[in-house]
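Which chain is which? The protein sequence lines are A and B, in order. Per the working numbering, the very first residue in the first sequence carries number 1; after that it's consecutive. Per the working numbering, the very first residue in the second sequence carries number 242; after that it's consecutive. The structure appears right after this line, and notes come after that.
Protein chains: 2
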Amino acid sequence: MSVPVSSGSDARTRPLGPKRVDESFIVERIYNAVMEHRLAPATKLNELKLCDTFGVGRMRVRRALLLLSNQGIVDLETNRGAFVASPSPAEANEVFEARTLLESAIAHCVVADIGSENLDMLRQHISLESAARDNNRGVDLIRLSGEFHVKLARASGNTILWRFVRELVTRSSLIVGLFGESNHMVCPKNEHSNILAAIESGKPEEAEALMIEHLNRIREGLNFSAPKPQEGDLAEILGLK
Amino acid sequence: MSVPVSSGSDARTRPLGPKRVDESFIVERIYNAVMEHRLAPATKLNELKLCDTFGVGRMRVRRALLLLSNQGIVDLETNRGAFVASPSPAEANEVFEARTLLESAIAHCVVADIGSENLDMLRQHISLESAARDNNRGVDLIRLSGEFHVKLARASGNTILWRFVRELVTRSSLIVGLFGESNHMVCPKNEHSNILAAIESGKPEEAEALMIEHLNRIREGLNFSAPKPQEGDLAEILGLK
DNA sequence: TCAACAATGATTGTTAACAATCAGTCGGGA
DNA sequence: TCCCGACTGATTGTTAACAATCATTGTTGA
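This is the structure in structure tokens:
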């Protein structure tokens, strides 16, 4: 558990070419780990372990953790350290309220603006999702389900909206991990492709309505009376494979 | 210019009671200064001066600057330091696109949810705005014009949306400072009160439409072919009066 | 057996010094 | 006069050591 992961050592021993490991790299990695449910809520994020994992000094790690805490992905407790955030039910409601407001508007607007290359990207994404679902690749499916929303926001061409949605989707991943009922699918089967279909056929109102329904369905799959305590292993999870 | 400001020294000499100066305090101060056009785009944010101003160590200042850069308020240039951001025209368009999308939806939704105490708050705000306009209190008016949007978002009761709008409004302040035509008023005379009226009378579509118009009007007041270089004095600007 | 408590190790928060880079000045030469 | 380069002070980036706090273990006593 506390054994330095080989990939971590790699990061320190070889400079990884011209790639510089800055705060955003660490933030990115933790974002991805949360999105894929590899980092569970309340997991302790030990500074030294993160230093080993990424091969950087403590300052970098602390700065990255500060950014993450600012985005609601990490909780910083004074003198106790950093933990993956455990959103409260109230917080969860805020996140989904904000998502509904933001993403429904995006779904509406994107119909007019979207270009063919972005449509292709989304189509390709849907096929990846289907494949992951058919092959029972649970981890991939979880990640892809969230990524659809992020890619749709990206298709809006607005990097600010993209960033906002990305934050909210990642926080949703924590929320689902905490309150999601295990038997309930993360994102029901055809909803993403239905949204895409509405976009393709140029129906903004329908795309918007479908997005709202979709988010409500996810929300209904939450059970706030059943918080799940979990345990994370950290070094291995974040290792640079 | 480089003289340590009295208020800055105050901050260091007296502990200011139980008030602890952490990153968010510094971030808050710089946010306010930008909102009030007291910090112009491209102003150099010298670390030591900020340390003196707030009476904290360099670490705190650097962490605050990191947060601000993450929110598009500050640009960090390696080995050159921190500068108040100078949004490009492309960035400006993104900000206003995002604002239109977000704030129109907020204006729509808030009609159903808003409570009387929030309505009162907004009414009171409008009267402050009017007073500032009538008395030619330019600085106050600038601040209040932006704050209306922030308060409206706050009235939605969603702290996430509030944070997003706050960031965008603050960035807008920089944009207006760079590209705004001086003779053009920041926020035309009655538009805020018209929006509030629509909300009060329970007309979500009208509130939304007015908000969109309002933001477009601000946008039309921008002139991207005329960037204005400006100079800031910093220590005095941020001093704890 | 259990609870309170002290001691120790681990982890975080902070400071200070050092290294590296930048910006502005001065001087020399065409 | 103008341009180029070395030099110096200022500023930023980084590291390491120190201080403070927390968590855990082991002990004592009822």
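The beta-carbon is built from N, C-alpha and C at its ideal position, and this holds for glycine as well. None of the values given here were measured: they were computed from a predicted structure.
Work out the CA separation of residue j and residue i for me, nearest whole Å.
i, j, result
"glutamate 181 of chain A", "valine 325 of chain B", "46 Å"
"serine 88 of chain A", "leucine 76 of chain A", "15 Å"
"arginine 53 of chain A", "arginine 63 of chain A", "Rather than arginine, the amino acid found at residue 53 of chain A in this sequence is threonine. Taking the straight line from one Cα to the other gives about 15 Å."
"phenylalanine 224 of chain A", "glutamine 71 of chain A", "22 Å"
"lysine 97 of chain A", "leucine 222 of chain A", "Residue identity check: residue 97 of chain A is glutamate in the sequence provided, not lysine. Distance between the alpha carbons of glutamate 97 of chain A and leucine 222 of chain A is about 14 Å."
"glutamate 370 of chain B", "valine 268 of chain B", "25 Å"
"glycine 57 of chain A", "cysteine 51 of chain A", "6 Å"
"asparagine 46 of chain A", "alanine 82 of chain A", "7 Å"
"phenylalanine 266 of chain B", "leucine 144 of chain A", "38 Å"
"arginine 29 of chain A", "serine 86 of chain A", "18 Å"
"proline 4 of chain A", "histidine 37 of chain A", "Confidence in proline 4 of chain A is poor, its pLDDT being 27 and thus under 50, which makes the residue's placement unreliable; the coordinate value appears in the next sentence. Each residue's alpha carbon lies about 21 Å from the other."
"lysine 49 of chain A", "valine 61 of chain A", "10 Å"
"glutamate 200 of chain A", "leucine 215 of chain A", "20 Å"
"arginine 321 of chain B", "arginine 460 of chain B", "32 Å"
"glutamate 236 of chain A", "threonine 100 of chain A", "Low per-residue confidence applies at glutamate 236 of chain A: pLDDT is 46, beneath 50, and the placement is therefore not dependable, though the value from the model is reported in the following sentence. Using only the alpha carbons, I get a separation of about 35 Å."
"leucine 210 of chain A", "alanine 198 of chain A", "8 Å"
"glutamate 358 of chain B", "leucine 402 of chain B", "19 Å"
"leucine 122 of chain A", "asparagine 376 of chain B", "54 Å"
"alanine 90 of chain A", "alanine 226 of chain A", "14 Å"
"serine 127 of chain A", "isoleucine 142 of chain A", "14 Å"
"alanine 252 of chain B", "glutamate 264 of chain B", "Because alanine 252 of chain B carries a pLDDT of 36, less than 50, the predicted location of this residue cannot be relied on, and the following value inherits that uncertainty. Roughly 15 Å separates the two Cα atoms."
"aspartate 361 of chain B", "arginine 458 of chain B", "26 Å"
"threonine 319 of chain B", "lysine 285 of chain B", "13 Å"
"tyrosine 272 of chain B", "asparagine 190 of chain A", "44 Å"
"glycine 202 of chain A", "cysteine 350 of chain B", "25 Å"
"glycine 115 of chain A", "glycine 296 of chain B", "51 Å"
"leucine 174 of chain A", "methionine 59 of chain A", "26 Å"
"phenylalanine 179 of chain A", "phenylalanine 420 of chain B", "47 Å"
Checking the sheet assignment: what are the DSSP bridge partners for residue i?
i, result
"glycine 322 of chain B", "B:Glu318"
"glycine 387 of chain B", "Answer is none; glycine 387 of chain B lacks a bridge partner."
"glycine 180 of chain A", "A:Leu222"
"lysine 191 of chain B", "Here chain B comprises residues numbered 242 to 482, so residue 191 of chain B is not present and cannot be evaluated."
I'd like to know whether the C-beta atoms of residue i and residue j end up nearer to each other than 8 Å.
i, j, result
"serine 242 of chain A", "isoleucine 195 of chain A", "Within the shown structure, residues of chain A are numbered from 1 to 241, placing residue 242 of chain A beyond reach of any answer."
"valine 21 of chain A", "isoleucine 73 of chain A", "no"
"alanine 348 of chain B", "alanine 283 of chain B", "no"
"leucine 343 of chain B", "phenylalanine 389 of chain B", "no"
"glycine 418 of chain B", "alanine 281 of chain B", "yes"
"aspartate 381 of chain B", "alanine 373 of chain B", "yes"
"glycine 379 of chain B", "valine 410 of chain B", "no"
"lysine 151 of chain A", "histidine 192 of chain A", "no"
"glutamate 408 of chain B", "threonine 159 of chain A", "no"
Give me the Cβ distance between residue i and residue j, rounded to the nearest whole Å; I'm assuming they're in contact under 8 Å.
i, j, result
"proline 445 of chain B", "valine 352 of chain B", "4 Å"
"serine 413 of chain B", "aspartate 354 of chain B", "The Cβ separation is near 24 Å, so there is no contact."
"leucine 68 of chain A", "leucine 307 of chain B", "That belief does not hold up - the Cβ atoms of leucine 68 of chain A and leucine 307 of chain B are roughly 12 Å apart, past 8 Å."
Does the beta carbon of residue i fall short of 7 Å from some heavy atom of the ligand NAD?
i, result
"alanine 372 of chain B", "With respect to small molecules bound, the structure shown includes none, and the ligand NAD cannot be examined in it."
ask   = If you measure beta-carbon to beta-carbon, which residues of the region 333-364 of chain B are closer than 8 Å to chain A?
value = Glu335, Val336, Glu338, Ala339, Leu342, Leu343, Ser345, Ala346, Ile347 and Cys350
key: Residues of the region 157-181 of chain A whose Cβ lies closer than 7 Å to any Cβ of chain B, in chain order   = Asn158, Thr159, Ile160, Leu161 and Phe164
key: Contact list for the region 299-310 of chain B against chain A, Cβ threshold 7 Å   = Arg304, Leu307 and Leu308
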